[in-house]
Every structure is written in structure tokens, then in C-alpha cells.
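One rule links them: number in my numbering = place in the sequence shown (from 1) + 128.
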Amino acid sequence: MDEQKQQELAKQIAETAFKALEDKKGMDVKLLYVGEQTALADYFVIATATSNTHVHALADEVEFRVKQELSIDPSHIEGYRNNIWELMDYDSVVVHIFTSEGREFYKLERLWNV
């Protein structure tokens, strides 16, 4: 796949995850373009959940919607047993879902200066 198509796909994944998080009542959902700042990913999608159960429900919805709409599975999911954060790695897109305490602790928006 050429670079332009990869960038378009990354944007589609990020937008699909963003919409899934908003639809499932994620709070303070942000879509950040970080491709010029890091080689880790092109986009971060960040959301806050109201509880540990909500963290898992949001992650499940993102996984379902990206699979249903784009036929893509995450390459890795981290933190499922963690009580404050879950990360979904789609290679060029990383989805971070936090409890409010976890989001305050990690402060990703400030870390990436966006």
C-alpha cells in the first residue's frame, strides 16, 4: 500500500474510533494528529470513561466498529486488566481510553503538546 493510501486509512481508523467513542458516551474525546512529532503513530484518539466498566465498553465498541466498517483488528490491546486505562494499537492509530484519574495522571495532551 502506498503512503498516501496508508495515511487515508489511518485517518479513517481514527475518525471511526472517534465516532464510536462519542456514540458510546465517551467524555472529552480528542483526535490528535501526532505524525509530525513521532514515528509511533499518525493519530492518537483519547477519551475519558465514567468507570472501569465504561472503559471496557468503549474499547469493545471501538474494536467492533473499526472491524465492522473497515475490516481491521487492532494489532495489540494493552491494559485490559488495568483499572484506569486501555490502549488499542492500530499501528498508525493509537486509541487511549482512560478513567478521569488515569487521564489526569498520564496527561497525554500535554505530553504531546497539542
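Glycine included, every Cβ here is placed at the ideal spot set by N, Cα and C.
Could you compute how far the alpha carbon of residue 182 sits from the alpha carbon of residue 132?
Looking up residue 182 in the sequence shown gives position 54. Looking up residue 132 in the sequence shown gives position 4. In a straight line, the C-alpha of residue 182 is about 35 Å away from that of residue 132.
Buried or exposed: residue 195, going by 16 or more other Cβ atoms within 10 Å of its Cβ?
For the purposes of this step, residue 195 is taken as residue 67 along the sequence shown, with counting starting at 1. Residue 195 comes out exposed.
Along the chain, where does the beta strand (DSSP E) that runs through residue 221 open and close?
On the sequence shown, position 93 is the one that residue 221 refers to. Start and end: 221-227.
Counted within 10 angstroms of its Cβ, other Cβ atoms place residue 235 as buried (16 or more) or exposed
In the sequence shown, counting from the first residue as 1, residue 235 sits at position 107. Result: exposed.
Identify, in the order they occur along the chain, each residue of the same chain with its Cβ nearer than 6 Å to the Cβ of residue 211, setting aside the five sequence neighbours on each side.
On the sequence shown, position 83 is the one that residue 211 refers to. The answer, listed in chain order, is 180.
Per-residue DSSP class, three states only, for residue 137
Start at 1 with the first residue of the sequence shown, and residue 137 comes out as number 9. Three-state result, residue 137: helix.
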